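In our numbering, the protein residues as written are 1 to 174. Right, one structure below, let's go through it.
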């Protein structure tokens, strides 16, 4: 039996805080990246362009469930994963932490936070790319209002991947 268990990196933060950049860095280090946004775009296109905004939650639910099933399969197979999805609600994070643990993995909850001015600057630049969904200041405020930043959930700030991000954690004694 291996003394390592897969790590699932759970990312929490508003759009533009650096979650995908961090996830891509982990992917380059050998961690499997699961992106809900990439899957949504591949299946349905872009919100507000290829499908109406009011359809988003209906289309999103089966994509999230598919990613969840794939996450379980990967952890059971011993692969470390980064879930590239905002995880804005505490209940959502708690359910995923329990799921990871039940299937033999360990989790790391990484929280990404920036002040509103920096977020708006980053989003303005990102919004110029037609491949991304435009996030207006009003949409950002709505997302922030409906999100819960991690607090007392075992969260950590993003580690510096250039100092060696490992894809496995030592198995904790039972």
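C-beta: ideal position from N, C-alpha, C; glycine also. Just so it is clear, the structure is predicted and the values come from calculations on it, not from any experiment.
Go to residue 109, then tell me how far its beta strand (DSSP E) extends in each direction, as first and last residue.
By one-based count along the chain shown, residue 109 stands at place 109. Unbroken beta strand (DSSP E) run through residue 109: 106-112.
Can you tell me where the alpha helix (DSSP H) holding residue 157 begins and where it ends?
Position 157 of the chain shown, counted from the first residue, corresponds to residue 157. No alpha helix (DSSP H) contains residue 157, which DSSP labels as neither H nor E.
Determine the DSSP secondary structure at residue 144, reduced to helix, strand or coil.
As a working mapping, residue 144 is identified with position 144 in the chain shown. Assignment of residue 144 by DSSP, reduced to helix, strand and coil, places it in the helix class.
Would you mind reading off the limits of the alpha helix (DSSP H) that contains residue 62?
As a working note, residue 62 is residue 62 in the chain shown. Note, residue 62: alpha helix (DSSP H), 56-76.
Return the chain-ordered list of same chain residues with a C-beta closer than 6 Å to the C-beta of residue 97, the five sequence neighbours on each side being excluded.
Sequence index remark: in the chain shown, residue 97 carries index 97 (1-based). Hits under 6 Å: 107.
With burial defined as no fewer than 16 other Cβ atoms inside 10 Å of the residue's Cβ, what is the status of residue 5: buried or exposed?
Residue 5 sits at position 5 when you count from the first residue of the chain shown. Its Cβ being crowded by 16 or more others within 10 Å, residue 5 is buried.
Is the beta carbon of residue 40 closer than 9 Å to that of residue 11?
Your numbering for residue 11 matches position 11 in the chain shown. Your numbering for residue 40 matches position 40 in the chain shown. In this structure, residue 40 does not lie closer than 9 Å to residue 11 by Cβ.
9 Å Cβ cutoff met for residue 140 and residue 14
On the chain shown, position 140 is the one that residue 140 refers to. On the chain shown, position 14 is the one that residue 14 refers to. Contact flag set, yes.
Identify whether residue 121 lies in helix, strand or coil by the three-state DSSP scheme.
As a working note, residue 121 is residue 121 in the chain shown. Shown here, residue 121 sits in a helix according to DSSP, grouped into three states.
Flag this pair as yes or no: are the beta carbons of residue 37 and residue 20 separated by less than 9 Å?
Within the chain shown, numbered from 1, the residue matching residue 37 stands at position 37. Within the chain shown, numbered from 1, the residue matching residue 20 stands at position 20. The answer is yes: Cβ separation under 9 Å.
Host alpha helix (DSSP H) of residue 46 (start-end)
Indexing the chain shown from 1 puts residue 46 at position 46. Per DSSP, residue 46 belongs to no alpha helix (DSSP H) and is neither H nor E.
Can residue 113 and residue 17 be called in contact, C-beta distance under 9 Å?
The residue given as residue 113 occupies position 113 in the chain shown. The residue given as residue 17 occupies position 17 in the chain shown. Less than 9 Å divides the Cβ of residue 113 from the Cβ of residue 17.
Checking 9 Å against the spacing of the C-beta atoms, do residue 48 and residue 75 come in under that value?
Locating residue 48 in the chain shown gives position 48, where the first residue counts as 1. Locating residue 75 in the chain shown gives position 75, where the first residue counts as 1. Against a cut-off of 9 Å, the Cβ pair of residue 75 and residue 48 comes out as no contact.
Closest residue to residue 154 among 111, 130 and 145 (Cα-Cα distance):
Residue 154 sits at position 154 when you count from the first residue of the chain shown. Nearest C-alpha to residue 154 among 111, 130 and 145: 111.
Distance check for residue 144 and residue 7, CA to CA, integer angstroms please.
As a position in the chain shown, residue 7 is number 7, starting the count at 1. As a position in the chain shown, residue 144 is number 144, starting the count at 1. Computed Cα separation, rounded: 28 Å.
When the distance is taken between beta carbons, is residue 84 closer than 9 Å to residue 149?
In the chain shown, counting from the first residue as 1, residue 149 sits at position 149. In the chain shown, counting from the first residue as 1, residue 84 sits at position 84. Cβ distance not < 9 Å, so residue 149 and residue 84 don't count as in contact.
Pairwise C-alpha distance: residue 135 and residue 70:
Working through the chain shown from its first residue, we reach residue 70 at position 70. Working through the chain shown from its first residue, we reach residue 135 at position 135. A direct Cα-to-Cα measurement between residue 70 and residue 135 gives close to 28 Å.
Starting from the C-beta of residue 133, find all residues in its chain whose C-beta is less than 6 Å away, skip the five residues before and the five after it, and write them out in chain order.
Locating residue 133 in the chain shown gives position 133, counting from the first residue. Answer for residue 133: 46 and 47, listed in chain order.
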